[in-house]
Amino acid sequence: MSDARALPAITAGEITVQGVSKSYGTSHMRKEVVRKCSFTIERAKLTVMIGPSGCGKSTLIRLLAGFEQPSEGSIALDGASITRPDRDRLVLFQESALFPWMTTWDNILYGPRARGELGKETVELAEFLIHKVGLQEFRAKYPGQLSGGMQRRAELARAMVNNPKIMILDEPFRGLDAMTKELMWEYYARLFEENRRTNFFVTTDIDEAVFLADRVLVMSNIPTQVVAVIEVDLPRPRRLSDIVESDRANDVKKQALSILHAEAMRSFAHGSRAAADFVDAYLKRARNS
Amino acid sequence: MASTVDKILASRAFWRGVVSIVVFVILWEIGARSKQWMAPDAFAPLRELLGAIGLKKDYLPWIGAVPAPSAVLEAWAVVLGQAGYWQSWYMSLLRVAGGFIAAMLVGIPFGLLLAVSRTAHGIGFPVFEVLRPIPPLAWVPASIIFWPTQELSITFVTFLGAFFTIVINVVGGAKSIDVRYFQAAQSMGSSNWDIFRRVILPGTLPSIMVGSAVGMGITWEVVVAAEMISGGGSQQSGAGGGLGFFIWSSYVGGSYEQIVVGMISIGIAGFASSELLRRLGKYVTPWLRAR
Chain A
1 MSDARALPAI
11 TAGEITVQGV
21 SKSYGTSHMR
31 KEVVRKCSFT
41 IERAKLTVMI
51 GPSGCGKSTL
61 IRLLAGFEQP
71 SEGSIALDGA
81 SITRPDRDRL
91 VLFQESALFP
101 WMTTWDNILY
111 GPRARGELGK
121 ETVELAEFLI
131 HKVGLQEFRA
141 KYPGQLSGGM
151 QRRAELARAM
161 VNNPKIMILD
171 EPFRGLDAMT
181 KELMWEYYAR
191 LFEENRRTNF
201 FVTTDIDEAV
211 FLADRVLVMS
221 NIPTQVVAVI
231 EVDLPRPRRL
241 SDIVESDRAN
251 DVKKQALSIL
261 HAEAMRSFAH
271 GSRAAADFVD
281 AYLKRARNS
Chain B
290 MASTVDKILA
300 SRAFWRGVVS
310 IVVFVILWEI
320 GARSKQWMAP
330 DAFAPLRELL
340 GAIGLKKDYL
350 PWIGAVPAPS
360 AVLEAWAVVL
370 GQAGYWQSWY
380 MSLLRVAGGF
390 IAAMLVGIPF
400 GLLLAVSRTA
410 HGIGFPVFEV
420 LRPIPPLAWV
430 PASIIFWPTQ
440 ELSITFVTFL
450 GAFFTIVINV
460 VGGAKSIDVR
470 YFQAAQSMGS
480 SNWDIFRRVI
490 LPGTLPSIMV
500 GSAVGMGITW
510 EVVVAAEMIS
520 GGGSQQSGAG
530 GGLGFFIWSS
540 YVGGSYEQIV
550 VGMISIGIAG
560 FASSELLRRL
570 GKYVTPWLRA
580 R
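Here the protein sequences line up with chains A and B, keeping their order. In case it helps, our numbering puts the first sequence at residues 1 to 289. In case it helps, our numbering puts the second sequence at residues 290 to 580.
Encoded structure:
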């Protein structure tokens with residue numbers, strides 16, 4: 001059943017973000033969330049964006065997905081400008097967006113059904129994916145009957161069945177308990193390593209970022225821009241146990257943390273509450289290690 | 290089937306319900322017979338006390354004036370054999386069903402339209418909001434004038450009772466669907482029609498069922514009152530005009546036991562129709578109980 005033949009060829013996309021700004025409101029109520037932001041989400045790589053909470057990452061995701069348009073600048077997928085949501089770029093939200101009124105199986109098949117592409121091959125692919133995410137026994141269950149980790153896996157399958165050029169994940173493992181979270185990291189890393197689709201992963205968790213990423217984009221506080229790009233040249237496939245002991249991983253982590261810290265200190269001086277929390281957590285961590 | 294009966298019989302909640310009804314009926318019987326057991330001299334101080342606070346002296350306040358359950362049962366046994374009583378049931382059920390189904394058929398699409406179309410909302414909602422606070426019973430005189438037959442006017446008032454509640458619930462339910470569901474559906478290539486059919490409709494279904502259950506309750510309240518006010522629309526003489534008219538004519542005829550029979554009949558009818566809707570609700574929203 002779980003036959004690799006069922007997988008269609010993966011076309012990995014590349015997204016270029018150029019000089020993008022996004023503001024909400026008008027005149028004196030105007031709030032700039034993203035300022036002159038430029039970066040590339042490279043083909044077939046796992047790019048992780050990390051930044052303080054409330055810095056505008058979710059806004060960037062809405063722009064990448066095409067739910068909203070930038071006030072300035074351009075976003076393009078493989079050279080074609082992004083103007084609306086499309087199955088090319090699928091988003092996994094912070095909280096489950098599985099339809100509560102559909103079973104796991106119907107949720108997974110939502111996309112193909114919506115586009116009228118429910119052929120034999122698609123059903124085979126869905127069958128392959130539901131095994132892949134280990135939910136074959138739960139196909140007739142509703143999302144409310146699944147655990148948090150299962151919901152995330154079902155959502156991964158629901159996205160992948162559409163064979164997107166890029167997967168966008170907005171803090172997908174937030175709110176899971178520590179155990180489940182680490183299992184999901186390894187699980188998700190394996191999934192990526194197997195198919196090498198372009199992935200864009202947003203997080204506030206530095207360990208998550210270092211473990212998963214090929215490249216880490218470190219973001220400034222609001223209005224957000226990229227302040228640093230760190231290449232994470234750790235070998236794949238990665239296992240959590242290797243990473244914990246790897247000096248290189250620790251170097252990357254320290255590097256990212258110090259940039260984030262500097263960024264947070266700057267915003268702290270401007271009275272940001274989120275930044276104050278971050279500085280607090282950072283100091284605690286520094287004392288412990 | 291037998292196993293569900295067994296399960297009900299084994300459940301504590303069921304027996305609590307039975308006990309509560311039995312105790313209620315016993316207390317009622319005792320209270321209603323207070324005229325008899327308060328007659329001996331031993332109760333003279335109690336009678337004096339009641340008199341002193343300005344109530345009737347020879348029975349317990351209020352409840353002593355109500356016919357006893359045993360007397361009600363007796364009266365019930367008599368009317369059970371009469372075609373007029375069943376005719377009342379039939380008429381009221383017909384009006385409730387007619388008004389309620391019409392309210393669903395008009396209210397659900399109207400509510401969905403208000404929820405999905407900003408233009409429709411802009412045009413329709415203000416009028417709706419002005420008409421909504423008018424109690425259905427205030428419509429009775431007007432609807433007797435508007436509609437050619439009494440039957441239609443009562444059904445119309447019944448319809449109004451459920452309509453506003455259903456619409457408000459549908460609009461609220463559809464508007465509270467999480468925006469992530471729409472975004473997810475859009476990303477996966479859903480057309481607007483597809484989103485309506487597979488996201489908005491099932492997403493609103495729980496609210497539709499809640500609105501219907503509340504609407505059904507109001508329907509019974511309204512139909513009984515409308516029957517009383519309009520005289521039941523009885524072409525035939527006597528108790529042909531629904532349960533509300535049954536109560537009213539019992540009152541006019543001085544048969545107090547029958548008033549209570551009518552009241553309990555409405556209670557049973559209302560409970561049965563709500564239960565039916567709850568069952569239906571569970572059936573059409575299986576994901577809500579699957580937890």
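Glycine included, each C-beta is placed from N, C-alpha and C at the ideal position. The structure presented is a predicted model; accordingly, all values stated were derived computationally and were not measured.
- What three-state label does DSSP hand aspartate 214/A in the structure shown? Within the first sequence, residue 214/A is the residue found at index 214, counting from 1. Here DSSP, grouped into helix, strand and coil, assigns aspartate 214/A to coil.
- Task: Give a yes or no on contact between the stretch 528–547 of chain B and the stretch 566–580 of chain B, applying the rule of three or more CB pairs nearer than 8 Å.
- Result: With the cut-off at 8 Å, the stretch 528–547 of chain B and the stretch 566–580 of chain B do not touch.
- Query: Taking the continuous beta strand (DSSP E) assigned at alanine 228/A, which residues delimit it?
  - Reply: What you label residue 228/A is simply residue 228 of the first sequence in a count that begins at 1. Alanine 228/A -> beta strand (DSSP E) spans 226–231.
- Assuming isoleucine 259/A and cysteine 55/A make a contact with CB atoms under 8 Å, what is their CB distance in whole Å? The residue given as residue 259/A occupies position 259 in the first sequence. The residue given as residue 55/A occupies position 55 in the first sequence. Your pair isoleucine 259/A and cysteine 55/A does not check out as a contact, with CB atoms roughly 13 Å apart and the cut at 8 Å.
- Whole angstroms is fine: what's the gap from serine 501/B's alpha carbon to isoleucine 166/A's? Counting from 1 along the second sequence, the entry for residue 501/B is found at position 212. Counting from 1 along the first sequence, the entry for residue 166/A is found at position 166. Each residue's alpha carbon lies about 44 Å from the other.
- How should methionine 517/B be labelled, buried or exposed, when 16 other C-beta atoms within 10 angstroms of its C-beta is the threshold for buried? The count along the second sequence starts at 1 and reaches residue 517/B at position 228. Answer is buried; the Cβ neighbour count reaches 16.
- Does any CB atom of chain B fall closer than 7 Å to the CB of glycine 175/A? In the first sequence, the residue the question calls residue 175/A occupies position 175. At least 7 Å separates the CB of glycine 175/A from every CB of chain B.
- Query: Hey, aspartate 210/A and lysine 253/A: beta-carbon distance below 7 Å or not?
  - Reply: Here residue 210/A is taken as the residue at index 210 of the first sequence, counted from 1. Here residue 253/A is taken as the residue at index 253 of the first sequence, counted from 1. Position check: residue 210/A holds valine in this sequence, whereas aspartate was assumed. Contact flag set, yes.
- Task: Determine the extent of the alpha helix (DSSP H) in which glycine 530/B is found, giving its start and end residues.
- Result: Position 241 of the second sequence, counted from the start, is the residue given in the question as residue 530/B. Element bounds for glycine 530/B: n/a, residue is neither H nor E.
- Message: For chain E, check one thing: does any of its Cβ atoms lie closer than 7 Å to the Cβ of arginine 578/B?
- Response: Looking for chain E here will not work: the only protein chains present are A and B.
- Query: Hey, how far is the Cα of leucine 169/A from the Cα of valine 513/B?
  - Reply: Here residue 169/A refers to the residue found at position 169 of the first sequence. Here residue 513/B refers to the residue found at position 224 of the second sequence. When the Cα atoms are used, leucine 169/A and valine 513/B turn out to be separated by approximately 57 Å.
- Task: Please list the partners that leucine 90/A has in chain B, where partner means a Cβ-to-Cβ separation under 9 Å.
- Result: Within the first sequence, numbered from 1, the residue matching residue 90/A stands at position 90. What leucine 90/A touches in chain B, judged by beta-carbon distance under 9 Å, is Ala473, Ser476, Met477, going in chain order.
- For alanine 167/A, which residues does DSSP report across the bridge? By one-based count along the first sequence, residue 167/A stands at place 167. The question names alanine, yet the displayed sequence has methionine at residue 167/A. In DSSP, methionine 167/A forms a bridge with Leu90/A, Asn199/A.
- Within the 7 Å Cβ cut-off, does phenylalanine 138/A reach chain B? Reading the first sequence from its first residue, position 138 is the one you call residue 138/A. Taking Cβ atoms only, chain B never reaches closer than 7 Å to phenylalanine 138/A, which makes this a no.
- Query: When Cβ atoms are compared, which residues of the stretch 97–116 of chain A fall closer than 7 Å to chain B?
  - Reply: Along the stretch 97–116 of chain A, the positions whose C-beta sits under 7 Å from a C-beta of chain B are Ala97, Phe99, Pro100, Trp101, Tyr110, Gly111, Ala114, Arg115, read in chain order.
- Is the CB-CB distance between valine 91/A and serine 479/B below 7 Å? Position 91 of the first sequence, counted from the start, is the residue given in the question as residue 91/A. Position 190 of the second sequence, counted from the start, is the residue given in the question as residue 479/B. If you check the CB distance, valine 91/A and serine 479/B do not come in under 7 Å.
- What are the residues of the stretch 475–509 of chain B that lie near chain A, defined by any Cβ-Cβ distance shorter than 8 Å? The stretch 475–509 of chain B vs chain A, Cβ under 8 Å: Gln475, Ser476, Met477, Gly478, Ser479, Ser480, Asp483, Arg487, Val488, Pro491, Gly492, Leu494.
- Message: phenylalanine 200/A and threonine 47/A - do their beta-carbons sit closer together than 7 Å?
- Response: If you number the first sequence from 1, residue 47/A lands on position 47. If you number the first sequence from 1, residue 200/A lands on position 200. Going by C-beta atoms, threonine 47/A is nearer than 7 Å to phenylalanine 200/A.
- Item | DSSP beta-bridge partners of threonine 408/B | Taking the first residue of the second sequence as 1, we reach residue 408/B at position 119. Looking at the DSSP assignment, threonine 408/B forms no beta bridge with any residue, so it has no partner.
- Item | tryptophan 351/B burial status per 10 Å Cβ neighbour count (16 or more: buried) | In the second sequence, the residue the question calls residue 351/B occupies position 62. Around the beta carbon of tryptophan 351/B, fewer than 16 other beta carbons sit within 10 angstroms, so the residue counts as exposed.
- Task: Return the residues of the stretch 532–553 of chain B that lie within a Cβ-Cβ distance of less than 9 Å from chain A, sorted by chain order.
- Result: Within the stretch 532–553 of chain B, not one residue has a Cβ closer than 9 Å to any Cβ of chain A.
- What is the residue span of the beta strand (DSSP E) that lysine 36/A lies within? Indexing the first sequence from 1 puts residue 36/A at position 36. From DSSP, the beta strand (DSSP E) with lysine 36/A extends over 31–41.
- Message: Closer than 8 Å is the cut-off here; do at least three beta carbon pairs connect the stretch 545–554 of chain B with the stretch 358–370 of chain B?
- Response: Contact holds: three or more Cβ-Cβ distances are below 8 Å.
- Item | Residues that tyrosine 470/B contacts on chain A, provided the C-beta gap is smaller than 7 Å | To locate residue 470/B, count along the second sequence from 1; it is residue 181. Those are Ala97, Phe99, listed as they occur along chain A.
- Taking only the alpha-carbon atoms, compute the straight-line gap between glutamate 245/A and glycine 19/A and give it to the nearest angstrom. Indexing the first sequence from 1 puts residue 245/A at position 245. Indexing the first sequence from 1 puts residue 19/A at position 19. Taking the CA atoms as reference points, glutamate 245/A sits about 39 Å from glycine 19/A.
- Task: Give a yes or no on whether the C-beta atoms belonging to threonine 493/B and alanine 451/B are separated by under 7 Å.
- Result: For the purposes of this step, residue 493/B is identified with residue 204 of the second sequence, where counting begins at 1. For the purposes of this step, residue 451/B is identified with residue 162 of the second sequence, where counting begins at 1. Not in contact: threonine 493/B and alanine 451/B (Cβ atoms no closer than 7 Å).
- What residue range is occupied by the uninterrupted alpha helix (DSSP H) comprising leucine 565/B? Within the second sequence, the letter at position 276 stands for residue 565/B. From DSSP, the alpha helix (DSSP H) with leucine 565/B extends over 545–573.
- Item | Interface flag, arginine 152/A vs chain B, CB-CB below 7 Å | Residue numbering aside, residue 152/A sits at position 152 when the first sequence is read from its first letter. Residue-level contact by beta carbon fails for arginine 152/A and chain B, as no gap is shorter than 7 Å.
- Task: Compare the Cα-Cα distances from methionine 160/A to each of Leu109/A, Phe138/A, Phe173/A, Glu186/A and report the closest residue.
- Result: Within the first sequence, residue 160/A is the residue found at index 160, counting from 1. Nearest option by C-alpha distance: Leu109/A.
- Query: Is the stretch 12–31 of chain A touching the stretch 66–73 of chain A, taking contact as three or more C-beta pairs under 8 Å?
  - Reply: Between the stretch 12–31 of chain A and the stretch 66–73 of chain A, the count of C-beta pairs closer than 8 Å reaches three or more; the two stretches touch.
- Message: Please report the straight-line C-alpha distance between lysine 120/A and glycine 556/B, rounded to a whole angstrom.
- Response: Position 120 of the first sequence holds residue 120/A. Position 267 of the second sequence holds residue 556/B. If you take the alpha carbons of lysine 120/A and glycine 556/B, they lie about 55 Å apart.
- Could you pull out every residue in the same chain whose Cβ sits closer than 8 Å to the Cβ of valine 503/B, ignoring the five residues on either side in sequence? By 1-based counting over the second sequence, the position of residue 503/B is 214. Cβ within range, chain order: Thr454, Asn458.
- Excluding the five sequence neighbours on either side, which residues of its own chain have a C-beta within less than 8 Å of the C-beta of glycine 175/A, listed in chain order? One-based indexing of the first sequence puts residue 175/A at position 175. So the list reads Gln94, Glu95, Gly148, once near-sequence residues are dropped.
- Is the stretch 8–19 of chain A touching the stretch 75–89 of chain A in the sense that three or more CB pairs, one from each, lie closer than 8 Å? Short answer: they touch.
- Query: Would a check of beta-carbon distances place leucine 569/B closer than 7 Å to chain A?
  - Reply: Here residue 569/B refers to the residue found at position 280 when the second sequence is read from its first residue. Answer no: the Cβ-Cβ gap between leucine 569/B and chain A never drops below 7 Å.
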